[in-house]
Amino acid sequence: MPVYNWKGINSYGEKRKGKIEAVDEAGARAQLKRMRIDVQSCKEAPKDLLENIDLFKPKVTGKDLVIFTRQLSTMIDAGLPLVQCLQILGKQ
Numbered sequence: 079m080p081v082y083n084w085k086g087i088n089s090y091g092e093k094r095k096g097k098i099e100a101v102d103e104a105g106a107r108a109q110l111k112r113m114r115i116d117v118q119s120c121k122e123a124p125k126d127l128l129e130n131i132d133l134f135k136p137k138v139t140g141k142d143l144v145i146f147t148r149q150l151s152t153m154i155d156a157g158l159p160l161v162q163c164l165q166i167l168g169k170q
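Position one of the sequence shown corresponds to residue 79 (our numbering), numbered consecutively onward.
This is the structure in structure tokens:
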């Protein structure tokens, strides 16, 4: 999902800026509106040149895979929908 750089003013009138991940610019603006940010600018952040190089990406270890499958199994056994389980585990 793309990352957007934004600048805006919060509900206290303070200037703020940051980054937000969203499907598109409209989605980013909608998220900021829910956070009570009056958006002044919102642009897609430039891609990092090293982003696609596998040397710098963390690898999934066997231990990570075991933990993931155990947690997924526990949540499925508890009756949670698969999509919700994957969303929860994805945030970790």
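Each residue gets a CB set at the ideal place from its N, CA and C atoms; glycine is no exception.
Collapsed DSSP secondary structure at residue i in the structure displayed
i	result
GLY105	helix
GLY157	coil
ASP126	coil
GLN118	strand
VAL81	strand
GLY140	helix
GLY91	coil
When the options are compared against residue i, the one with the closest alpha-carbon
i	options	result
ARG114	LYS85, LYS141 and PRO124	LYS85
SER89	ASP126, ASP102, VAL117 and VAL101	VAL117
THR147	PRO159, PRO136, LYS137 and CYS163	CYS163
Straight-line gap, residue i to residue j (C-alpha atoms, nearest Å)
i	j	result
GLY168	GLN109	19 Å
VAL144	TYR82	34 Å
ALA156	SER119	44 Å
Test item: CB-CB of residue i and residue j under 7 Å
i	j	result
LYS95	ILE87	no
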